[in-house]
Amino acid sequence: MAEFKRFCVEFDSGSDEVLNFDVVIIGTGVAGLYTAVNLDKKLKVALVTKETMQVSNTNLAQGGIAAPLSHDDSPDIHYMDTIRAGSGLCDSHMVRILVDEAIENINILLKMNIPFDLDDEGEIILGQEGAHSRRRIIHASGDATGRIVSEHLGHVVKSYKNVTIFENAFLVDILTDEQNTAIGVLLKIKNKNVILFAKNIVLASGGYGYLYKYTTNPEVTTGDGCAAAVRCGAKVVDMELVQFHPTVLYHEKNKSFLISEAVRGEGGLLYNSFGERFMPKYHPLAELAPRDIVSRSIYFELQRTGSENVFLDITHLDANFIRKRFPNIYQKCLELGIDITKQRIPVAPAQHYSMGGVLSDEFGRTTVENLFVCGEAAGTRVHGANRLASNSLLEGLVFGRRIAQYINGRLQKNVKHIAICHRSLSKKEFDLNVATEIEGLRSKMSEYAGIVRTKEGLEKLIDYIVSRLEILNTMRLSTQKEIEYYNMLMIGYILANAALMRKESRGSHYRKDFPYQDDVNWKKHLVYSNIYGWEEIF
């Protein structure tokens, strides 16, 4: 078993800058912003983001927010769709919370005047997406829902006098006391240490998509929150369950731009390089099958045809409808010379979402006291083995608000300010080309822990990661890139080991050597922590 550093860099609360807060929130996607919005205004809050408030997965989310608003829909139907998509691994209690509190949180957003798309009668327009049995996707500016919601929430938060925003602030580590209670965070701001002591720490730091060579995620998604949580003793769960979005633009100038699930929801059809529509032979729902099935089907078609991409076709739809419903996608493709009203879109699967994360309960509590988690960083088990489209923004809303309500109701003790420091035992300076090292890891993650996995490939990946960790454990880390690389190695190691352990195929996890779902032996979650090692929960 690989060993991880407890702290990445040297620090000293006696000499470094120290600030005190009631709540520290790491991340400014929908989960972090919505948590901040719902906190009691009497609490002193720090909102920390790695770059600017606009850089997050939320900002790139196109599809929308799932909620059972129509007359022919209900939380029960939404519940069943989520359970079915999750391939037997959803936590039913957590899913029940998600769907039952969906409408309540959408109404809060409406009262905040977030401009969701309305029809001529002023009613919310509901879109259709894969594996949903009803039209229930609320969207804004056609295909820019995440950006619109995050911009509005960010504007609201900036008006709060109790919130201090730290941009370009990098989370290095979570600080704990002798009882392993979280007491603060260590940040790097302009390459200087800053310690924020706090009574409550909320990780809303996003997923770990940048571990993969091809991903829709921004470069900031290096799993920093999850890695820091592991180092402080928190449990993580379902780390092997990584969702690959089936339709990501495949163009020599752009292989990371998401072509929303909603395009297929509105009637988009998939064709291989021979001009054949292929999805009906893989699943009864064809293009509207769950994401894991569509992604694997495309993978198999690419293998069969020897092609690098397939094509998504919506040219049979009205051109004005396309431009209005998908203005962002239309414009981006047009910039690359593709008129989607007249031409098929070249697409291929790419990493999109991390179902796994820091193990949490219905109030976002982790296994470390005073440490909370929500959004993509959280392991709520609400998505099971395959997230249902547009449940991600909803999860950030529902559990972000629950964390805020829990913190609001807590007896707020004084901030625990203790003398804490770390001196590195490593004397060797980092002497690797970190950019080359990161790209090497990303290539191997895509090759061995991607859409299709095997025992041999995963073992090669683990050996490679262990060899790099052993080298880095002898080195002093100093720059943000060096720490990000270490975080990526940690997450990659846990992910690959969990994928090797899970000897079945379920949802997003497909083992070529174990191609069938095994409910007898594997209808369970794999949990890892530095303290207890590997555990299984049902």
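Under this note's numbering, think of the first position of the sequence shown as 60, with each following residue one higher. For each residue, glycine too, the CB sits at the ideal point set by N, CA and C. This structure is a prediction, so every number in the text was calculated from the model and none was measured.
Boundaries for Gly-396: no alpha helix (DSSP H) harbours it, and the DSSP string shows neither H nor E there. Setting aside the 5 residues that flank it on each side, Phe-489 is surrounded in the same chain by Met-534, Arg-535, Leu-536, Ser-537 and Glu-541, each with a C-beta closer than 7 Å to its C-beta; the list follows chain order. Counting the other Cβ atoms within 10 Å of the Cβ of Trp-581 gives 16 or more, which makes it buried. For Ile-462 and Ile-124, the gap between their C-alpha atoms comes out near 20 Å. A residue is called buried when at least 16 other Cβ atoms come within 10 angstroms of its Cβ; Asp-372 meets this threshold and is buried.
Taken in chain order, the complete alpha helix (DSSP H) segments of 4 or more residues contained in the region 514-575 are 514-531 and 539-560. At a Cβ-Cβ threshold of 8 Å, Leu-262 and Gly-284 count as neighbours. DSSP links Tyr-587 through a beta bridge to Val-295 and Trp-593. Spanning the alpha carbons of Leu-329 and Tyr-267 requires a straight line of approximately 28 Å. A check of alpha carbon separations from Gln-302 across Tyr-591, His-411 and Pro-574 identifies His-411 as the nearest. For Ile-124, the secondary structure class from DSSP, reduced to helix, strand or coil, is strand. In this structure, the alpha-carbon of Leu-430 lies about 43 Å from that of Pro-405. Going by beta carbons, Asn-387 and Asp-202 fall inside the 8 Å limit. When the Cα atoms are used, Thr-87 and His-584 turn out to be separated by approximately 28 Å. With a cutoff of 8 Å on beta-carbon distance, Ile-248 and Met-112 are scored as not near each other. CA-to-CA, the gap between Met-338 and Ile-183 works out to about 31 Å.
Closest in alpha carbon position to Gly-551, among His-568, Arg-440, Met-504 and Asn-589, is Met-504. DSSP, reduced to helix, strand and coil, places Pro-405 within a strand of the structure shown. Here DSSP, grouped into helix, strand and coil, assigns Glu-435 to helix. Taken in chain order, the complete alpha helix (DSSP H) segments of 4 or more residues contained in the region 305-370 are 320-324 and 350-364. For the pair Leu-177 and Ala-126, the Cα-to-Cα distance works out to about 15 Å. Rounded to whole angstroms, the Cβ separation of Asn-259 and Ile-466 is 5 Å, and the two are in contact under 8 Å. Taking every protein chain shown into account, the CB of Asn-166 has fewer than 16 other CB atoms within 10 angstroms, so this residue is exposed. Comparing C-alpha distances from Phe-316 to each of Ser-264, Lys-391, Glu-110 and Glu-299 shows the shortest one belongs to Lys-391. Contact between Asn-546 and Ala-288 is ruled out by a C-beta separation of about 11 Å, above the 8 Å threshold. If one requires a minimum length of 4 residues, the alpha helix (DSSP H) runs lying completely within the region 67-113 are 89-97, in chain order. The DSSP-derived three-state label of Val-301 is strand. With contacts defined by Cβ atoms closer than 8 Å, Leu-148 and Gly-566 form a contacting pair.
With 16 or more neighbouring CB atoms inside 10 Å of its own CB, Phe-175 falls in the buried class. Less than 8 Å divides the Cβ of Val-83 from the Cβ of Val-244. Here Leu-418 is near Val-295, since their CB atoms are less than 8 Å apart. Around Ile-553, the same chain offers Val-289, Val-295, Met-298 and Tyr-587 as residues with beta carbons nearer than 8 Å, after the five sequence neighbours per side are excluded. With 16 or more other CB atoms across the displayed protein chains lying within 10 angstroms of its CB, Thr-141 is buried. In this chain, the beta strand (DSSP E) harbouring Phe-256 covers 251-262.
Membership of Leu-230 in the beta strand (DSSP E) is indicated by the continuous run 228-235.
Annotation for Ile-352: His-342 place their beta carbon closer than 6 Å to its own, counting only its chain and skipping 5 residues before and after.
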